[in-house]
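Going down the list, the sequences are from chains A, B and C.
For the first sequence, the working numbering assigns the number 602 to the last residue and increments by one with no breaks.
For the second sequence, the working numbering assigns the number 92 to the last residue and increments by one with no breaks.
For the third sequence, the working numbering assigns the number 392 to the last residue and increments by one with no breaks.
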Amino acid sequence: MRSDYIRIYKTVHTWTGILTGMALFIAFYAGALTVFKEPLARWAAAPVAALEVPLAETPALIAKTLAAHPGAAKGFQLNLKPTEDEPARLSWVEREEGQDDHDTLSGHHYSATLDAEGNALVSESQPSQLAEFIDILHRVVGLPFDTDPNRWLMGVVAALYALALVSGVIVLLPTLVKDFFALRLGKNLKRMWLDAHNVVGIISLPFHIVMAITAVVFAYHDGLYALQDKFLHNGRLANAFNQQRPAAKPAPRDPADMLPPVTLLERAQALSPGFEPSSLQYVNLAGPRAMVRVWGTDPAALAPRAMGGFVALDPWSGKVLSRDFLPGTQDAANTTLSSFFALHFATFGGTPVRWMYFLLALAGAWLFYSGNLLWIESRRKKQRQGEALPGQRLDTRLLASATVGVCIGCIAGISLTIAAAKWLHGHVADLNAWHWYVYYGVFFASLAWAFWRGAGRAVVPLLWLAALSTCSIPLTTLLAWAVPGLGMWANTSLAALGVDATALAGGFALMWAARATARRVRLGAEDSVWSARKILPSCQGLS
Amino acid sequence: MPGWLLSGLLLALAGSLAIHFASPHQRWRPRALAAHPARLAGAALLVAALIALGQVLHSVVAVFVLLTWLMLVFVLLPYLGALIGRKESR
Amino acid sequence: MTKTSTKPAPIRRDWIAKSLAGTLLGFTLAMGCSGLLILATAGLSPGTRAQFAMWLVTPIWLGVLSGCFFFSSGLRAWLWLGGANLLVFATLLLARPA
Chain A
60 MRSDYIRIYK TVHTWTGILT GMALFIAFYA GALTVFKEPL ARWAAAPVAA LEVPLAETPA
120 LIAKTLAAHP GAAKGFQLNL KPTEDEPARL SWVEREEGQD DHDTLSGHHY SATLDAEGNA
180 LVSESQPSQL AEFIDILHRV VGLPFDTDPN RWLMGVVAAL YALALVSGVI VLLPTLVKDF
240 FALRLGKNLK RMWLDAHNVV GIISLPFHIV MAITAVVFAY HDGLYALQDK FLHNGRLANA
300 FNQQRPAAKP APRDPADMLP PVTLLERAQA LSPGFEPSSL QYVNLAGPRA MVRVWGTDPA
360 ALAPRAMGGF VALDPWSGKV LSRDFLPGTQ DAANTTLSSF FALHFATFGG TPVRWMYFLL
420 ALAGAWLFYS GNLLWIESRR KKQRQGEALP GQRLDTRLLA SATVGVCIGC IAGISLTIAA
480 AKWLHGHVAD LNAWHWYVYY GVFFASLAWA FWRGAGRAVV PLLWLAALST CSIPLTTLLA
540 WAVPGLGMWA NTSLAALGVD ATALAGGFAL MWAARATARR VRLGAEDSVW SARKILPSCQ
600 GLS
Chain B
3 MPGWLLSGLL LALAGSLAIH FASPHQRWRP RALAAHPARL AGAALLVAAL IALGQVLHSV
63 VAVFVLLTWL MLVFVLLPYL GALIGRKESR
Chain C
295 MTKTSTKPAP IRRDWIAKSL AGTLLGFTLA MGCSGLLILA TAGLSPGTRA QFAMWLVTPI
355 WLGVLSGCFF FSSGLRAWLW LGGANLLVFA TLLLARPA
């Protein structure tokens, strides 16, 4: 290939990388945690005393709840396996009219159980939105709300990310085979950062291509469907998606006559023996298109959505309304479509694959961080023998500050806002708002500190902050367990303890990074934005 | 289920190590393995891994799991090798 | 297009012209291709077909955008991509059931 092309694509790679690297770092770091969204939600959920309703008694629970709260007929959920974050058998969210589908935060959460006399006991709760908050940071590259404009901005970031991937590969093509697996440590720091960056970028390229394309689709699918409906489907798209529309409006049916959940589960199970149901979602019971979605997963198959897949049944007759999303029995076309989602959400292969995605996403965050380090290292002004220490370029100093401020600030902010779920519980009126305050407070303070002190002097304290913040997650749990009087809690399910163990490992990794970085800013080259040393004549001979 | 999955992942790990050790850039061993036999053995292990995964997973899922695992392992091996190589050169 | 010389001409950067060609014409080309996919997959259920058509747009769009810097000038990017658009949309109009 002509070297001219390489030069052009190197420029493309540099600019797309610089423009999006830090946003992508946040998206990938928060995304890695979102792989374990459910364990995080379980870790953060305060224990409540929920009356258990046996599955056999759920028809009475549903009928009595609907009689007392007709609004629940619009949609409610029956949980088959109660967890810390969904302890009640029956729960639902009532949302405002005309609310954005992507707005997952507002709305009133209710749950219902039966008391000893068999009466419906409905209570409103404010479940922790910690896990959802981290997911939102992931979905809209660190912005606070999942709104249309924010998602479109994330779409632009994802498109530039795709451009960065392709251009990066083109730049690397001439040395791709020769340097495969190379990670050369040594005096040549630029070489080392380049290798460290390339090894991740090239080897996990398929993962990143999937993420880039799906992220652009998730940002713009509404717009794409609308345009295609107008120009390619002649406005018939709504019909295409709702085929089983009843011809005439049926008479409203009595929810008390619905098939019991046990029977519905048997119907679902009969369709696919490997299917493991987790919940039943009742939708529009008062409307003409009433249905119940039996959600679940199949360990051998991939699942089309983050929470699994479903079969849609008629709640009265048990007739199958749609099995397009039923894991394990999808046809080739639907399996292909589902795999686009599964490959983004890691909803295949169970927990082992979730761990792989967690680590690949962290490696992705490292890819963007190291990309910025490489940019800075490439523009370093070196000290010549016998000459005075040169000042580093302003742009490299600013990018270095921004990189450590944004990336390490994001890690520290997320860790502290996780710990805050226990510390602030019961002490503040709106804990969910406080998750925002804590995260953005730490994030912007870190950023300001990094610019004020300069990257070389800010990076080590920031890494220690991130390390201690992350260690505070398991320490909080330990303290809650040791001193119950504090009003905190220690959830002991494997999922919740997994969060503590992972945070402990992460905290130690950050400590290791802090110590290694401290060595570098103290002993490394002085002609670098990473040097924390004051320029003293006596030191100059050392490096 | 976990037995086949685990053996599939271990076979793939062994195959990845064989392939990685054949690279001139590997830092795990004093000397790289002979390229052709090691890569051939690695490829055979990966095929065996796919077959093992296919015992408990739908074939498309088995391919996805294998690719995901390979990406992770091949990303980590050079980093671990650099750590090992650095310790030994001290 | 006619061949003008045998020696490769220097590649013009034309950042804005090429990026715009890749973004705009790449998008219309991708939409046109998704239209062709809809025509070609009449056997699928309408809902499935619509989803495939939507998913096809992004890879083509990003692929064209990523590749458009290979054109030797911004003008050529516009001409080639414009030509490809004409071809796709002409096929779409001709093949479309009335």
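Built from N, CA and C at the ideal position, the CB exists for glycine as well.
Being a predicted model, the structure only gives us computed values, none of them experimental.
Quiz prompt | For G603 (chain A), three-class secondary structure by DSSP | solution = Limits of chain A in this structure are 60 at one end and 602 at the other, which puts residue 603 (chain A) out of reach.
Quiz item: Under three-state DSSP, which class holds M605 (chain A)?
Solution: Missing from the structure shown is residue 605 (chain A); chain A here goes from 60 to 602 and no further.
Self-check item: Inter-residue CB distance, L99 (chain A) and V558 (chain A) (contact presumed, cutoff 8 Å)
Solution: 6 Å
Quiz item: Closer than 7 Å, Cβ to any Cβ of chain B: which residues of the stretch 368 to 395 of chain A, in chain order?
Solution: T394
Self-check item: Q345 (chain C) in three-state terms, based on DSSP
Solution: helix
Exercise. Taking all protein chains shown into account, decide if E585 (chain A) is buried (16 or more other Cβ within 10 angstroms of its Cβ) or exposed.
Key: buried
Self-check item: Spatial neighbours of S381 (chain A) in its chain, beta-carbon cut-off 6 Å, leaving aside the 5 residues before and after
Solution: A371
Quiz item: Using a beta-carbon distance below 7 Å, is F23 (chain B) in contact with chain A?
Solution: no
Quiz item: Are S531 (chain A) and L521 (chain A) closer than 7 Å when you measure CB to CB?
Solution: no
Self-check item: Validate contact between the stretch 72 to 86 of chain A and the stretch 103 to 121 of chain A using beta carbons, cut 8 Å, 3 pairs
Solution: no
Quiz item: So which of C:M348, C:L381 and C:G376 has the shortest CA-CA distance to G320 (chain C)?
Solution: C:G376
Exercise. Indicate the three-state DSSP secondary structure (helix, strand or coil) for S376 (chain A) in the structure shown.
Key: coil
Quiz item: How about L83 (chain A) and I193 (chain A): do their beta carbons lie closer than 7 Å?
Solution: no
Quiz item: Using CA coordinates, which residue listed in A:L421, A:W354 and A:G546 is at the minimum distance from Q136 (chain A)?
Solution: A:W354
Exercise. Can you grab the Cα-Cα spacing for the pair L79 (chain B) / H22 (chain B), in whole Å?
Key: 8 Å
Self-check item: Close beta carbons around K378 (chain A), own chain, < 8 Å, minus the five adjacent residues each side
Solution: L372
Quiz item: For V33 (chain A), which of A:R198, A:L538 and A:V94 has the nearest alpha-carbon?
Solution: Outside the modelled stretch of chain A, which goes from 60 to 602, sits residue 33 (chain A), for which no answer is possible.
Quiz prompt | Beta-carbon separation (whole angstroms), S360 (chain C) vs V225 (chain A), contact threshold 8 Å | solution = 4 Å
Practice problem: State yes or no: is the beta carbon of K297 (chain C) nearer than 7 Å to at least one beta carbon in chain A? | Solution: The predicted position of K297 (chain C) is uncertain, since its pLDDT is 48 and thus under 50; a value taken from the coordinates is nonetheless stated next. By this cut-off, K297 (chain C) is not an interface position.
Quiz item: Given a limit of 9 Å on CB to CB distance, which residues of the stretch 360 to 376 of chain C reach chain A?
Solution: S360, G361, F363 and F364
Quiz item: Taking A24 (chain B) as the reference, which of B:S61, B:L42 and B:S9 has the closest Cα?
Solution: B:L42
Quiz item: What does a CB cutoff of less than 8 Å around D174 (chain A) pick up in its chain, not counting 5 residues either side in sequence?
Solution: L110 and L180
Practice problem: Mind the definition here: the stretch 327 to 346 of chain C touches the stretch 292 to 301 of chain A only if three or more C-beta pairs lie below 8 Å; say whether that holds. | Solution: yes
Practice problem: Quick one: grab the DSSP three-state call for F369 (chain A). | Solution: strand
Exercise. Please determine, among A:P233, A:V276 and A:F204, the residue with the shortest C-alpha to C-alpha distance to A217 (chain A).
Key: A:V276
Quiz item: Do you know offhand how far R307 (chain C)'s Cα is from S366 (chain C)'s?
Solution: 8 Å
Quiz item: Beta-carbon of V275 (chain A) versus every beta-carbon of chain B: anything under 7 Å?
Solution: no
Quiz item: Taking C-beta to C-beta, are L48 (chain B) and G87 (chain B) nearer than 7 Å?
Solution: no
Practice problem: Kindly indicate the opening and closing residues of the alpha helix (DSSP H) around N393 (chain A). | Solution: A391 to F404
Quiz item: Starting from V228 (chain A) and walking both ways along the alpha helix (DSSP H), at which residues does that stretch end?
Solution: D207 to L231
Self-check item: Straight-line Cα distance separating S528 (chain A) from A562 (chain A)
Solution: 9 Å
Practice problem: Could you name the residues of chain A that T385 (chain C) contacts, counting a contact when the two beta carbons are closer than 8 Å? | Solution: Here the premise fails: no neighbours, minimum Cβ distance about 13 Å.
Quiz item: If you measure from the beta carbon of G408 (chain A) to each beta carbon in chain B, is any gap under 7 Å?
Solution: yes
Quiz item: When the cut-off is 7 Å and only beta carbons count, does A306 (chain A) lie next to chain B?
Solution: Note that A306 (chain A) scores 49 on pLDDT, short of 50, meaning its location in the model is unreliable and no value can be drawn from it.
Quiz item: With which residues is T138 (chain A) paired in a DSSP beta bridge?
Solution: Note that residue 138 (chain A) is Asn in the sequence shown here, rather than Thr. Paired residue(s): A:S338.
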